[in-house]
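Visitor: One structure coming up, written as structure tokens, with questions to follow.
Residue numbers (my numbering): -4 to 735.
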């Protein structure tokens, strides 16, 4: 530090905080000279760049952004070339992308120009980047989720304004009740003396994040004041938040049904158009010939097997008259959407190699035992017992020996199943749990043997190698949960909503990114993270003296900052959980301005009140559909025809591991006159309806609405379909008849 004054004759070291002093100690002379030119205007002779917490973007990132904009613009130009001009300019997506590109270029030019003369500015266009993600054709589901939010806003706005009015009324009451009584909080701050602070604290109380802390000063003064807070919580937390959920759910369901209704009528309209093109007059009615129907199916579903095609034809042409009528033709799209799985029963290799041994009485007894339901129950109990042993002390020799016993039982289970079931059937494409068990058992066996070998050499004295395997072994309990019939609806619903959850994940990512970028612009560098072992004054206040004595600094929330994108996303996730979110808001308000709390309130409104409630509405709708709908009429017709043809197999048999899907399936059609001849012609080929758990919620909702459309109803015109309004679903003048 002795040489420092020679480089900084005009900088007083006492004016620098501890963090800056440590930076000076680490700088080389060349760095010091460059910083001298920046900090000292008398040495430069020109306007110097003011110190900035946020580094300016490099040329590489700016060039990358320009290249991305070029790609987006090129894609837009290509789309304009292949789309009629009227359609292109009417599409809101294209307008949004063009406006965003122009605004981003303007921002880049302004930002680069100001940075060239050492004037720091804000990249105000960065929150607009998700517009590109939302408005491309691949993001149709995300746009749909945003439409749900947009459609919900008008109705929820009135409820929200009433809610804010309630908070304001209670804030004024709190100001008059407690403001002049000289009450203090646990930190020694004044209690409800400022209307804005009071409103913020009461808004936080709606989320229960500061309960009961916010009530304690008044409650300690007089217990009657607790009635004020109890009344406030009942009205605003329980009533208003429930009303928010009800309004969001009602509007979500209304607009979702409108979209599904539009899709159902569009499908009906296009199927009628197709029938009118292909129809021929047979007698007094119009029909579609069998050959034409088959060619159409081959064009729509080129990979369909001849057996599946023949099965659908038998359903569409019940009388085998060689043509399909209009009613059955309109069901073609629904028939193709129902997955019919082809199953090929194959002989076990041991039956071909040692037929006498494999077909012996002892072998048949073993196979009968393995196929029995009790065999599955016994191993479910073994898994539960093994889970208990895993929770015990692994250093106990008895537990260690027991682990070998459980592994042996699992290996025996796999060997018995491979002996009973055909191996390719056991490890079929859809046999997830069989693959899962095999991989876990093999991993546990290899790790246990390796661990025992290393321990015997006395070079390693712990079972840390098995930690991951032990966790995977516990996951075997999931098989027990799935095997319980009452849990299947829940598991089925979770599987159904999986793809849609990804849509909401994309929606949350877009909102998070926009708020993260705004947070980085507003709070970057205001809070610094120090190693937990640091005990310096800067470490205790997260590098900012404004946080001295605050709950933010006391709780060591220094890593909750907006210094990079990953940290920003973590902070936003913590705000979504809402626990202690007021501490985060207070901390960033202290290092900037009290108006910063509006950022956190806005995030809570958009994410917690709006998006989370829409997600809850979707979950509710998914469960209602899963519980209320059984097999459709078409699925029943297909299963009936499969059984009539003598080629049916129950789904439970497939789930038990007896069969597999599409294993060396022969492409033979249905031939012969009676059931026995058909069965012989198939040579072990069977069919079944695919598992119901793979139906999507949208498909189920569409089926619900299509059941309300009569088979002969052609529906409204195309223009009327495209102009459907959610209000058309409900009668404008409800009475007893139309309501029923």
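Glycine is no exception: its CB is placed at the ideal position from the N, C-alpha and C atoms.
#1: CB-CB under 7 angstroms to residue 604, same chain, minus the five flanking residues each way: which ones, in chain order?
#2: Is it buried or exposed, residue 432, if we count other Cβ atoms within 10 angstroms and call 16 or more buried?
#3: Measuring alpha carbon to alpha carbon, tell me which residue in 246, 254, 362, 506 is nearest residue 128.
#4: Between residue 100 and residue 536, what straight-line distance do the alpha-carbon atoms span, to the nearest angstrom?
#5: Using only alpha-carbon positions, find the residue among 583, 131, 121, 178 that is nearest to residue 90.
#6: At which residues does the beta strand (DSSP E) containing residue 282 begin and terminate?
#7: Output the boundary residues of the beta strand (DSSP E) element that contains residue 276.
#8: Taking contact to mean 3 or more Cβ pairs, one atom from each stretch, closer than 8 angstroms, check whether the segment 168 to 180 and the segment 565 to 574 are in contact.
#9: Taking the straight line between their C-alpha atoms, what separation do you get for residue 675 and residue 414?
#10: Look up residue 318 in the DSSP assignment and give the residues it is bridged to.
#11: Express the C-alpha separation of residue 231 and residue 212 in angstroms, rounding to a whole number.
#12: Just how far apart, CA to CA, sit residue 269 and residue 614?
#13: How about residue 194 and residue 166: are their beta carbons less than 8 angstroms apart?
#14: Let's test the definition: count the other Cβ atoms within 10 Å of the Cβ of residue 672 and tell me whether it reaches 16, buried, or not, exposed.
#15: Do residue 394 and residue 387 have their C-beta atoms within less than 8 angstroms of each other?
#16: Using CA coordinates, which residue listed in 122, 543, 226, 319 is at the minimum distance from residue 201?
#17: If contact is defined by three or more beta carbon pairs under 8 angstroms, each pair taking one atom from either stretch, is the segment 553 to 561 in contact with the segment 506 to 521?
#18: Going by C-alpha to C-alpha distance, which of 514, 598, 566, 550 sits closest to residue 587?
#19: Under 8 angstroms, do residue 578 and residue 546 count as touching if we go by C-beta distance?
#20: What is the DSSP secondary structure of residue 248, counted as helix, strand or coil?
#21: Using the C-alpha atoms, what's the distance from residue 58 back to residue 1?
#22: Can we say the segment 136 to 143 touches the segment 249 to 266, given the rule of at least three CB pairs closer than 8 angstroms?
#23: Kindly say whether residue 111, judged by its beta-carbon, lies nearer than 8 angstroms to any beta-carbon of chain C.
#24: Within 8 angstroms, do at least three Cβ pairs link the segment 262 to 278 to the segment 295 to 303?
#25: Excluding sequence positions up to five away, which residues of its chain have a Cβ less than 7 angstroms from the Cβ of residue 97?
#26: Can you tell me whether DSSP reads residue 392 as helix, strand or coil?
#27: Report the residue from 241, 375, 539, 524 whose alpha carbon sits nearest the alpha carbon of residue 155.
#28: Quick one, which of 216, 102, 318 has its alpha-carbon nearest residue 288's?
#29: Would you say residue 402 and residue 445 are within 8 angstroms of each other, going by their C-beta atoms?
#30: Is the closest heavy atom of the ligand SAH to the C-beta of residue 366 under 7 angstroms?
#31: Using DSSP bridges, identify the partner residues of residue 179.
#32: In whole angstroms, what separates the C-alpha of residue 161 from that of residue 110?
#33: Check each candidate in 70, 190, 113, 172 and name the one with the smallest Cα separation from residue 133.
#34: Can you check which of these residues, 243, 112, 205, 124, is closest to residue 616 by C-alpha distance?
#35: Provide the residue span of the alpha helix (DSSP H) that contains residue 330, from first to last.
Guide: Judging by the given coordinates:
#1: 239
#2: Burial call: buried.
#3: With distances taken between Cα atoms, residue 128 lies closest to 506.
#4: Distance between the alpha carbons of residue 100 and residue 536: 39 angstroms.
#5: 131
#6: For residue 282, the enclosing beta strand (DSSP E) has its first and last residue at 280 to 284.
#7: 275 to 277
#8: no
#9: For residue 675, the pLDDT reaches just 40, beneath the cut-off of 50, and the residue's location in the model is therefore unreliable, although a value from the coordinates is still provided. When rounded, the distance between both Cα atoms is 26 angstroms.
#10: 284
#11: 21 angstroms
#12: 36 angstroms
#13: yes
#14: Any answer about residue 672 is weak, because its pLDDT of 44 lies below 50 and its placement is not dependable; what the coordinates show is given next. Exposed, by the Cβ-count rule.
#15: yes
#16: 226
#17: yes
#18: 514
#19: yes
#20: helix
#21: Caution applies to residue 1, whose pLDDT of 40 falls short of 50 and renders its modelled position unreliable; the model cannot decide the point.
#22: Because the criterion of three Cβ pairs below 8 angstroms is met, the segment 136 to 143 and the segment 249 to 266 touch.
#23: Here chain C cannot be found, since the structure has a single protein chain.
#24: Taking a contact to require three or more Cβ pairs closer than 8 angstroms, the segment 295 to 303 and the segment 262 to 278 do not qualify as touching.
#25: Excluding positions up to five away in sequence, the list is empty.
#26: helix
#27: 241
#28: 318
#29: Taking 8 angstroms as the Cβ cut-off, residue 402 and residue 445 do not qualify as a contacting pair.
#30: Inclusion of the ligand SAH in the displayed structure is not the case, the ligand content being empty and no account of it being possible.
#31: Partner(s): 185.
#32: Whole-angstrom Cα-Cα distance: 47 angstroms.
#33: Ranked by how close their Cα comes to the Cα of residue 133, the residues 70, 190, 113, 172 have 70 in first place.
#34: 243
#35: Here the alpha helix (DSSP H) through residue 330 covers 327 to 332.
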